[in-house]
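Remarks on the structure that follows.
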Amino acid sequence: MQKIVLNGITWGHSRGITPLLAVSQRYSELHPDVEIRWKKRTLQEFADFPIEELTKEYDLLIIDHPWVGCADATRCVLPLNEYLSADYLRDQQTNSVGLSHISYNYNNNQWALAIDAATPAASYRKDLLSDVPQTWDDVITLAKQGKVAVPAIPIDILMNFYTFCIANGAEPFQNEDEVIDEVTGIKAIETMKELYSVVDKKMFSRNPIAVAELMTTTDDYLYCPFAYGYSNYARKGYAEHLLHYTDVVSFNGKRLRTTIGGTGISVSAFSKHKEVAVDFAAMVTSGECQSTMYVQHGGQPGHRSAWTDTAANHLTNYFFTQVLPVMDNGYMRPRYNGYLHFQDHAGDPLQDCLEYDGDPSKALQEMNKLYQQSLSKQTAVTA
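In full-length UniProt numbering, the protein residues as written are 1 to 383.
See below:
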C-alpha cells in the first residue's frame with residue numbers, strides 16, 4: 001500500500017518545529033500509512049514569500065492570524081468549520097488563550113486552529129534582578145542604567161506602537177481615514193522615544209529571539225519590558241541562563257495591552273489528502289495533545305488547558321501562569337485582506353523616527369499613506 005505523504009511548512013525555531021516533529025512521529029505510529037514531513041523557514045522568509053503561493057506546495061501550513069483576510073479572499077486554505085465538528089470548535093473557543101482562537105476566524109469561517117499562543121510580555125534575569133519594574137517610570141530608570149534589552153526591528157516597534165496608542169487613550173484602525181488620530185499617535189511615539197532613545201542602538205537590529213539569546217548568554221541585560229515570549233528560555237537546560245517571564249508594567253495606572261501573536265495551523269485547499277491533514281490538525285491542537293506532547297517538546301500551546309496545567313508550568317518555571325493575564329488582556333491586529341502591506345512596511349518610518357529622533361508627525365503621515373495603500377489593495381481584490 002502506498003504511503004500518504006503530507007508536506008508541512010513551519011518556522012525554524014525550536015518552538016515552531018520540534019513539537020510538530022514529535023506529534024507527527026506519533027501520528028505516523030498511530031497511522032502507519034501516513035508520513036508527515038516538515039520544512040522550516042525563517043520568520044523573514046515567511047514575510048517575504050506569499051503564503052497563498054505556499055498552499056500549492058504544502059498540505060499543512062503554520063500561519064499568522066493577520067493573513068486570514070487573504071485566506072478568505074483567495075480560498076487557498078480550507079474553512080475548517082466545514083470539516084470539524086461543532087463540539088470540537090466549541091472546545092477550541094472555550095479554551096482559547098485570549099483572542100487566539102477567534103483571531104483565525106474571518107467572515108464566519110475558521111481558517112486555522114490556534115496551535116501556538118504568544119504576546120509581548122516582560123522577562124528578566126531572576127539571578128541578577130530582585131526589584132522587577134512595575135511601572136513605566138521604573139522601566140525608564142532601569143533603561144537609563146543600560147540594563148534593559150528590547151526588540152526594536154520594525155515589526156516589533158509597530159506592534160508596540162499599537163500598545164502605546166491604546167495606553168494613550170485610543171485603539172488604532174478605528175476608521176479608514178487614518179491609522180490613529182494625530183494627537184494620540186504623537187503621544188504614543190513620544191512615549192516610546194523615552195525608552196528607545198536610551199537603549200543600546202544594537203537593539204534596532206534585534207528581534208525577540210535575538211533579545212532572549214542576548215539575555216540568556218550574557219549578564220549585560222537584566223530586563224526586557226515587552227517581547228513576544230518564548231517559554232523555551234524559561235526551561236532548564238535550554239539556555240545558559242534562565243529567563244523568568246511576568247506581566248507587563250503599568251502606564252498611567254493601567255497595565256499595558258500588548259499585541260497578540262502566536263500561530264495557527266491551516267490546511268491547503270489544494271491538498272490531495274484533505275481529510276488526513278484536517279485530522280492531524282485536529283489532533284495537534286486538541287487539549288490532550290497540547291498539554292502533553294506538544295508542550296513537552298518545546299511548544300507554546302494555543303489551548304488553554306496547557307497554560308493552566310501544573311506539569312507544563314513546572315517545566316517552564318511558571319511561564320504560562322505568569323503570561324496568561326497578558327494574553328487575556330491582549331489586543332488583536334486587523335486582518336483585512338491588504339493589511340499585511342501595512343504591517344510589512346509601516347514599521348520602517350516608525351523605526352527611523354525612534355532611532356534617529358525624527359518628527360513623529362512625519363512618521364504618522366508616512367504610516368497613513370501605507371494604510372491607504374493597504375485599504376486600496378483590499379478594494380482591488382474584492383471589487
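Yeah, the Cβ is synthetic: ideal placement off N, Cα and C, and Gly gets one too.
What you are looking at is a predicted structure, and each value in this text was computed from that prediction instead of being measured.
Proximity winner among M332, P225, N107 and N368, relative to E194 (alpha-carbon distances): The residue given as residue 194 occupies position 194 in the sequence shown. If we check each option's Cα against that of E194, P225 comes out closest.
Should Y356 be labelled buried (16 or more other beta-carbon atoms within 10 Å of its own) or exposed? Taking the first residue of the sequence shown as 1, we reach residue 356 at position 356. With fewer than 16 Cβ atoms within 10 Å of its Cβ, Y356 is classed as exposed.
A311 burial status per 10 Å Cβ neighbour count (16 or more: buried): Here the question's residue 311 lines up with position 311 in the sequence shown. It counts as exposed.
Mind checking which residues open and close the alpha helix (DSSP H) that includes G185? Here residue 185 refers to the residue found at position 185 when the sequence shown is read from its first residue. Run containing G185: E182 to Y196, per the alpha helix (DSSP H) assignment.
Which two residues bound the contiguous beta strand (DSSP E) that contains D200? Counting from 1 along the sequence shown, the entry for residue 200 is found at position 200. Element bounds for D200: n/a, residue is neither H nor E.
Could you name the residues of the same chain whose beta carbon sits closer than 6 Å to that of S85, not counting the 5 residues immediately before and after it, in chain order? Position 85 of the sequence shown, counted from the start, is the residue given in the question as residue 85. The same chain holds no residue with a CB closer than 6 Å to that of S85 once the five nearest residues on each side in sequence are set aside.
Pairwise C-alpha distance: K236 and L375: By 1-based counting over the sequence shown, the position of residue 375 is 375. By 1-based counting over the sequence shown, the position of residue 236 is 236. Each residue's Cα considered, the two are about 46 Å apart.
Quick one: what does DSSP say W38 is sitting in, helix, strand or coil? Sequence index remark: in the sequence shown, residue 38 carries index 38 (1-based). Under the three-state reduction of DSSP output, W38 falls in the strand class.
I'd like the list of long-range same chain contacts for A282, defined as Cβ closer than 7 Å, with 5 residues on each side in sequence excluded. Residue 282 sits at position 282 when you count from the first residue of the sequence shown. Contacts found: L84 and Y88.
Contact between the stretch 144–164 and the stretch 184–204 is defined here as three or more beta-carbon pairs at a separation below 8 Å; is this criterion met? Yes, since at least three Cβ pairs between the stretch 144–164 and the stretch 184–204 fall closer than 8 Å, the two stretches touch.
For L256, which option in C353, Q296, T119 and A149 has the closest C-alpha, if you only look at C-alpha atoms? Here residue 256 refers to the residue found at position 256 of the sequence shown. Nearest C-alpha to L256 among C353, Q296, T119 and A149: T119.
For a test of the three-state rule: what should DSSP assign to N160, helix, strand or coil? In the sequence shown, counting from the first residue as 1, residue 160 sits at position 160. Residue state, collapsed to three classes: helix.
For the stretch 286–297 against the stretch 194–205, do three or more pairs of beta-carbon atoms, one drawn from each stretch, fall closer than 8 Å, so that the two count as touching? With the rule of 3 Cβ pairs closer than 8 Å, the stretch 286–297 does not count as touching the stretch 194–205.
Three-state secondary structure (DSSP) at G76? Indexing the sequence shown from 1 puts residue 76 at position 76. The residue you asked about is not Gly; residue 76 is Cys in the sequence shown. Three-state DSSP puts C76 in coil, outside helix and strand.
With a threshold of 6 Å on Cβ separation, who are the neighbours of V381 within its own chain once the five nearest residues in sequence on each side are excluded? Mapped onto the sequence shown, residue 381 falls at position 381. In this prediction, V381 has a pLDDT of 46, which is less than 50 and means its spatial position is unreliable; what the coordinates show is noted afterwards. If you ignore the 5 residues before and after V381, its C-beta comes within less than 6 Å of the C-beta of A73 and N337, all in its own chain and listed in chain order.
Report the rounded CA-to-CA distance for G16 versus K144, giving the unit in angstroms. Within the sequence shown, the letter at position 16 stands for residue 16. Within the sequence shown, the letter at position 144 stands for residue 144. Straight through space, the alpha carbons of K144 and G16 are spaced by roughly 34 Å.
Going straight from the alpha carbon of S361 to that of H345, what length do you get? Within the sequence shown, numbered from 1, the residue matching residue 361 stands at position 361. Within the sequence shown, numbered from 1, the residue matching residue 345 stands at position 345. Answer to the nearest angstrom: the Cα atoms are 17 Å apart.
Using three-state DSSP, classify D352 as helix, strand or coil. For the purposes of this step, residue 352 is taken as residue 352 along the sequence shown, with counting starting at 1. Of the three classes helix, strand and coil, the one that applies to D352 here is helix, per DSSP.
Give a yes or no on whether the C-beta atoms belonging to G299 and I166 are separated by under 9 Å. Position 299 of the sequence shown, counting from 1, holds the residue named residue 299. Position 166 of the sequence shown, counting from 1, holds the residue named residue 166. No, the pair does not count as a contact, with Cβ atoms beyond the cut-off.
With 16 other Cβ atoms within 10 Å as the buried cut-off, status of V179: Counting from one through the sequence shown, the residue named residue 179 turns up at place 179. Label assigned to V179: buried.
Can you list, in chain order, the residues of its chain with a C-beta nearer than 6 Å to that of S14? Leave out the 5 residues immediately preceding and following it. Position 14 of the sequence shown holds residue 14. Within the same chain, S14 has close Cβ partners N232 and G298.
Taking DSSP as the reference, what is the three-state secondary structure of F226? The sequence position of residue 226 within the sequence shown is 226, counting from 1. F226 falls in the strand class under three-state DSSP.
Can you name the start and end residues of the beta strand (DSSP E) that N7 belongs to? In the sequence shown, the residue the question calls residue 7 occupies position 7. I4 to W11 is the extent of the beta strand (DSSP E) around N7.
Bounding residues of the alpha helix (DSSP H) (the contiguous stretch that carries V211): In the sequence shown, residue 211 corresponds to position 211, counting from 1. Counting along the chain, the alpha helix (DSSP H) containing V211 begins and ends at P208 to T217.
According to the neighbour-count rule (16 or more other Cβ atoms, all chains shown, within 10 Å of its Cβ), is P301 buried or exposed? Here the question's residue 301 lines up with position 301 in the sequence shown. Around the beta carbon of P301, 16 or more other beta carbons lie within 10 angstroms, which makes this residue buried.
On the DSSP bridge assignment, give the partners of Q110 in chain order. Against the sequence shown, residue 110 aligns to sequence position 110. In the DSSP output, where bridge partners are listed per residue, Q110 has N105.
Going by DSSP, which residues form a beta bridge with A122? By 1-based counting over the sequence shown, the position of residue 122 is 122. For A122, which the question treats as bridged, DSSP gives the partners T246.
As assigned by DSSP and simplified to three states, the class of S28: Numbered from 1 along the sequence shown, position 28 holds the residue referred to as residue 28. Helix.
What distance in whole Å lies between the Cβ atoms of V276 and L6, which are believed to be in contact at a cut-off of 8 Å? The residue given as residue 6 occupies position 6 in the sequence shown. The residue given as residue 276 occupies position 276 in the sequence shown. That pair is a contact at about 7 Å.
Helix, strand or coil at R235 according to DSSP, with G and I counted as helix: Indexing the sequence shown from 1 puts residue 235 at position 235. Residue state, collapsed to three classes: coil.
Comparing alpha-carbon positions, which option in E213, D200 and L364 lies nearest L350? To locate residue 350, count along the sequence shown from 1; it is residue 350. Nearest option by C-alpha distance: L364.
Can I260 and M332 be called in contact, C-beta distance under 9 Å? Working through the sequence shown from its first residue, we reach residue 260 at position 260. Working through the sequence shown from its first residue, we reach residue 332 at position 332. Yes; because the gap between Cβ atoms is below 9 Å, this pair is in contact.
How far does the alpha helix (DSSP H) with S96 in it extend, from its first residue to its last? Counting from 1 along the sequence shown, the entry for residue 96 is found at position 96. Taken as a continuous stretch (DSSP letters only), S96 belongs to no alpha helix (DSSP H), as it is neither H nor E.
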